[in-house]
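Undergrad: With the working numbering applied, the sequence shown corresponds to residues 1 to 663, in that order.
Note that the Cβ used here is the ideal one computed from N, Cα and C, for glycine as well.
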Amino acid sequence: MSTLGATVTRDGIRFAAWSQTARRLWVSIFDERGKREIERLELRPEGEGVHALFVAGLGPGTRYGFRADGDYAPERGLWFDPAKLLTDPYAVEIDRPYAYDWRLAQRRGEGADTAPLMPKAIAAAPLKRVPASPPLFQPGGLIYEIPVRAFTMLHPDVPEKLRGTVAALAHPVVVEHLKKLGVGAVELMPVTASIDERHLPPLGLRNVWGYNPVTFMALDPRLAPGGIMELRNTVAVLRQAGIGVILDLVFNHTGESDRLGPTLSLRGFDNQAYYRHTSDGRLANDTGTGNTVACDHPVVREMVLDTLRHFVRDAGVDGFRFDLAPILGRVEGTFDAEAPLLKAMREDALLADRVLIAEPWDIGPDGYQLGNFPPPFLEWNDKYRDEIRRFWRGDAGMVGALATRLAGSSDVFAAKGQNASRTVNFIAAHDGMTLADIVRYERKHNEANGEQNRDGHNENLSWNNGVEGDAVDPAVAAARLNDQRALLATLFASRGTIMLTAGDEFGRTQQGNNNAFAQDNEITWLDWAGRDKALERYTALLSTLRRAISALSDTGFLTGQPPAGSEMPDVTWLTETGAPLDEQSWQDPQRHRLVMVLSGEDHRFAVIINGDRRACMVTLPEREGFFWTAAVDAADISRPVSGRTVIFMIERVQAGTREKRNG
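1) THR524 by DSSP, collapsed to three states: which one?
2) Can you give the Cα-Cα distance for PRO621 and ALA655, rounded to whole angstroms?
3) Are VAL597 and ARG604 closer than 7 Å when you measure CB to CB?
4) Measuring straight from C-alpha to C-alpha, what distance separates ALA83 and ALA99?
5) Using the C-alpha atoms, what's the distance from GLY316 back to PRO213?
6) Which term fits GLU37, buried or exposed, when burial requires 16 or more other beta carbons within 10 angstroms of its beta carbon?
7) Return the CA-CA distance between ILE608 and ARG206, expressed in angstroms with no decimal places.
8) Whole angstroms are fine: how far does the CA of TYR274 sit from the CA of ARG282?
9) Comparing alpha-carbon positions, which option in ASP353, ALA112, ARG96, THR215 lies nearest ARG222?
10) Quick check on the burial criterion: 16 or more other C-beta atoms within 10 angstroms. Buried or exposed for ALA124?
11) What is the rounded straight-line gap between the Cα of LEU264 and the Cα of PHE80?
12) Are VAL92 and ILE228 close, meaning C-beta to C-beta below 7 Å?
13) Are the Cβ atoms of GLY288 and GLY261 separated by less than 7 Å?
14) Apart from the five residues on each side of it in sequence, which residues of its chain come closer than 8 Å, Cβ to Cβ, to VAL331?
15) Could you give the C-beta distance for TRP392 and LEU487, rounded to a whole number, given that I count them as a contact under 8 Å?
16) Put ALA518 into one of helix, strand or coil per three-state DSSP.
17) If you measure from the beta carbon of GLU468 to each beta carbon in chain D, is any gap under 7 Å?
18) Looking at the structure shown, is ASP69 part of a helix, part of a strand, or coil, going by DSSP?
19) Going by beta carbon distance, what residues of the same chain come within less than 6 Å of THR307, once the five residues before and after it are set aside?
20) Report the option in THR292, LEU542, PHE251, PHE269 whose CA atom is closest to the CA atom of SER257.
21) Can you tell me which of the three DSSP states ARG10 falls into?
22) Take ASP11 and list the residues in its own chain whose beta-carbon comes closer than 7 Å to its own, dropping the five residues that flank it on each side.
23) Any idea what DSSP makes of PHE492, helix, strand or coil?
24) If we count Cβ pairs, one from each stretch, closer than 8 Å, do we get three or more for the stretch 341-361 versus the stretch 372-386?
25) Quick check on this structure: which residue in ALA185, THR434, GLY530 has the alpha carbon closest to the alpha carbon of GLN484?
26) Just mark ALA548 as buried or exposed, buried being the case when its beta carbon has 16 or more other beta carbons within 10 Å.
27) Can you check the stretch 108-181 for any alpha helix (DSSP H) of at least 4 residues that lies completely inside it and give the ranges in chain order?
28) Between which residues of its own chain and ALA6 is the CB-CB distance below 6 Å, once the five residues before and five after are set aside?
29) Could you say which of GLU601, PRO580, ALA540 lies nearest to PRO562 if we only look at CA atoms?
30) Nearest CA to the CA of PHE627: which residue from ASP612, MET649, ARG644?
31) Specify the secondary structure class of MET649 as computed by DSSP and reduced to three states.
32) The beta strand (DSSP E) spanning ILE388 covers which residue range?
33) Helix, strand or coil for SER462, going by three-state DSSP, please let me know.
34) Leaving out five residues before and five after LEU58 in sequence, what residues of the same chain have Cβ atoms less than 6 Å from its Cβ?
35) Suppose contacts are defined by Cβ-Cβ distances below 7 Å. Is ASP101 in contact with LEU85 by that definition?
36) To the nearest angstrom, how far is it from the Cα of CYS616 to the Cα of PHE492?
This is the structure:
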């Protein structure tokens, strides 16, 4: 298919757009400020839905948009209106952010030209490609999820002009923090240009998460005022520090929303092709946002692939996380693990080695697809999230589930003979309560969102240690800190890839708000000055330990059998007395203690988990010539294990034993 978008050459620009149902298409050229339309030129049909025109004399920096005309019959999925300026789906830069205005949704003939309300695409000369390099991030490592704006808005050591931008992530103080935590890759929440949902402006709110895109390639000027080069430079700085960059991308829907939504781009070009529809002609809503992108359409599929190639070729990213990823695998509405788009991602010459992460659910039919994406897709594991929370909340009968999650979730990911886990383990993410709030609030507190606390999940599997929200009782504060340490330790002791959301390492709170997508304020901005530095140091110690003990970061499933060349089983599950767990112990609903003993190359490693509120003595299996010592905190040796605590012990060779064996 012909190249789409604005292709800048030495002699001018070729403008091209695709529509199978539009009768006429134009390109509108604007002045250098993007305020005044100076030319409107009709594109010529070239076949297969492509309309194009070469305009001599134009160069990089030209501001433009498209217009389309045809039937206007929303009941049949046709929304053509030449008064609606449309953003190029292939635009890589826009001159201002999107801003919702009710006039963008007016019916044909009822509204004025929307050009003054719309950003203009900026034609860009092709960039020199980033040299091809394999991804830095490897499965089993630590992913650090970052909301770009909220991350540095209050960082006292980041220059004010950089705060809240992609460029701020390349600042030395940020890089130092990431390295201290042992981050393998940062996962940037959406940085492409998005628009607010229509209910937000009247509430004085705006979508700060960015999960409401309009087009897929252009970066949001509020997050990356320097455009693709800003992202490219930040990726290079982080890569130099050994840290990969993963982009969280949204291909499942756009901000054009339902039939009452604005016409901004895809709807105006070819609503029937770009979006899925139900049998009666209504927009399908497998996303809960009002529309669903038709990722099984060949033109849409190629646009998604071109977007991924753009970010690899022009920014050098390690890979991608896909929001509501079953949409990408739906063929005529039904999820298929071998869908053409998923298959093409795995086979594309430029994308085949990239990190690919699926959020494996949407709200459509059979939308829960955890474990069903094909390798090498990693998958967000909500079973891990929920069952770890339930265990530490004190729910009955959770010790077996705890062991399964620690061991790599083979019940989910071992299908079809797979011997490595594709799990992404996490306890908290951007969507839901923060890790600190899980132990501070039993209920959501979303009043600031302006929806009378009706939005967000009602069941958070959280607990408050006796007081809802802020507490002055030192005992309550100590219990909450203990629980955060226990949750973090469990995460870092779990097989597979792990993910930590920015700020959870130092006690970030959102005041119980579990749906803070519209809070561009202190609710979501990370409080660097008030962070818990002791908890931050503990998290860094856990990360150092995980990288040092290969048995922790391995992605192979734990089986209880000796690996090849070893006489010791890869894992032994014990009670606190040192006895192997029998069937009765596994099924005991009141059991809240578990000891996991992992075998390394020449030593063993023990994770002691006491989820009970009572302290207990723990007996570890002894071997002649070895002794157990604390792996993180020297105070962990020779004392009862406190209630609601995780202790790490490592086996060492006794002095003189190795020499005697070698003698």
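TA: Checking against the coordinates, here is how it stands:
1) Sequence index remark: in the sequence shown, residue 524 carries index 524 (1-based). Here THR524 sits in coil by DSSP.
2) As a first step, residue 621 must be located in the sequence shown, where it is residue number 621. As a first step, residue 655 must be located in the sequence shown, where it is residue number 655. Cα to Cα, PRO621 sits roughly 19 Å from ALA655.
3) Position 597 of the sequence shown, counted from the first residue, corresponds to residue 597. Position 604 of the sequence shown, counted from the first residue, corresponds to residue 604. Going by C-beta atoms, VAL597 is nearer than 7 Å to ARG604.
4) Here residue 83 refers to the residue found at position 83 of the sequence shown. Here residue 99 refers to the residue found at position 99 of the sequence shown. For ALA83 and ALA99, the distance between alpha carbons rounds to 18 Å.
5) Within the sequence shown, residue 213 is the residue found at index 213, counting from 1. Within the sequence shown, residue 316 is the residue found at index 316, counting from 1. Distance between the alpha carbons of PRO213 and GLY316 is about 22 Å.
6) Residue numbering aside, residue 37 sits at position 37 when the sequence shown is read from its first letter. By the 10 Å Cβ count, GLU37 comes out buried.
7) Here the question's residue 608 lines up with position 608 in the sequence shown. Here the question's residue 206 lines up with position 206 in the sequence shown. Each residue's Cα considered, the two are about 45 Å apart.
8) Locating residue 282 in the sequence shown gives position 282, where the first residue counts as 1. Locating residue 274 in the sequence shown gives position 274, where the first residue counts as 1. Cα-Cα distance, rounded: 13 Å.
9) Stepping through the sequence shown from its first residue, residue 222 is reached at position 222. The residue with the shortest Cα to Cα distance from ARG222 is ARG96.
10) Counting from 1 along the sequence shown, the entry for residue 124 is found at position 124. By the 10 Å Cβ count, ALA124 comes out buried.
11) Position 264 of the sequence shown, counting from 1, holds the residue named residue 264. Position 80 of the sequence shown, counting from 1, holds the residue named residue 80. So the alpha carbons of these two residues sit roughly 11 Å apart.
12) For the purposes of this step, residue 92 is identified with residue 92 of the sequence shown, where counting begins at 1. For the purposes of this step, residue 228 is identified with residue 228 of the sequence shown, where counting begins at 1. Cβ atoms of VAL92 and ILE228: closer than 7 Å.
13) Here residue 288 corresponds to residue number 288 of the sequence shown, with the count starting at 1. Here residue 261 corresponds to residue number 261 of the sequence shown, with the count starting at 1. The answer is no: Cβ separation not under 7 Å.
14) Locating residue 331 in the sequence shown gives position 331, where the first residue counts as 1. So the qualifying residues of the chain are ASP296, ALA339, PRO340.
15) Here residue 392 is taken as the residue at index 392 of the sequence shown, counted from 1. Here residue 487 is taken as the residue at index 487 of the sequence shown, counted from 1. With 8 Å as the limit, TRP392 and LEU487 qualify as a contact, their Cβ atoms being about 6 Å apart.
16) Within the sequence shown, the letter at position 518 stands for residue 518. Residue state, collapsed to three classes: helix.
17) In the displayed structure, chain D is absent; only one protein chain is listed.
18) Your numbering for residue 69 matches position 69 in the sequence shown. Of the three classes helix, strand and coil, the one that applies to ASP69 here is strand, per DSSP.
19) Against the sequence shown, residue 307 aligns to sequence position 307. So the qualifying residues of the chain are PHE216, MET217.
20) The residue you call residue 257 lines up with position 257 of the sequence shown. The option with the nearest alpha carbon to SER257 is THR292.
21) Here residue 10 is taken as the residue at index 10 of the sequence shown, counted from 1. The answer is coil: DSSP assigns ARG10 none of H, G, I, E or B.
22) Walking along the sequence shown from the start, residue 11 turns up at place 11. So the list reads ALA56, once near-sequence residues are dropped.
23) The residue you call residue 492 lines up with position 492 of the sequence shown. Of the three classes helix, strand and coil, the one that applies to PHE492 here is helix, per DSSP.
24) yes
25) Residue mapping note: residue 484 aligns to position 484 of the sequence shown, counting from 1. For GLN484, the nearest C-alpha among the options comes from THR434.
26) Within the sequence shown, residue 548 is the residue found at index 548, counting from 1. Burial call: exposed.
27) 148-152, 172-180
28) Mapped onto the sequence shown, residue 6 falls at position 6. Cβ neighbours of ALA6 beyond the five flanking positions: ILE13, PHE15, ALA123.
29) In the sequence shown, counting from the first residue as 1, residue 562 sits at position 562. PRO562 has its Cα closest to that of GLU601, out of GLU601, PRO580, ALA540.
30) Start at 1 with the first residue of the sequence shown, and residue 627 comes out as number 627. Residue MET649 is the option with its Cα nearest to PHE627.
31) Residue mapping note: residue 649 aligns to position 649 of the sequence shown, counting from 1. Strand.
32) For this step, residue 388 is matched to residue 388 along the sequence shown. It is not in any beta strand (DSSP E) - ILE388 instead sits in the alpha helix (DSSP H) that spans 382-393.
33) If you number the sequence shown from 1, residue 462 lands on position 462. Correct three-state label for SER462: coil.
34) Along the sequence shown, read from residue 1 onward, the residue named residue 58 stands at position 58. Only GLY12, ILE13 meet the Cβ criterion.
35) If you number the sequence shown from 1, residue 101 lands on position 101. If you number the sequence shown from 1, residue 85 lands on position 85. Going by C-beta atoms, ASP101 is not nearer than 7 Å to LEU85.
36) For this step, residue 616 is matched to residue 616 along the sequence shown. For this step, residue 492 is matched to residue 492 along the sequence shown. Cα to Cα, the separation comes out at about 23 Å.
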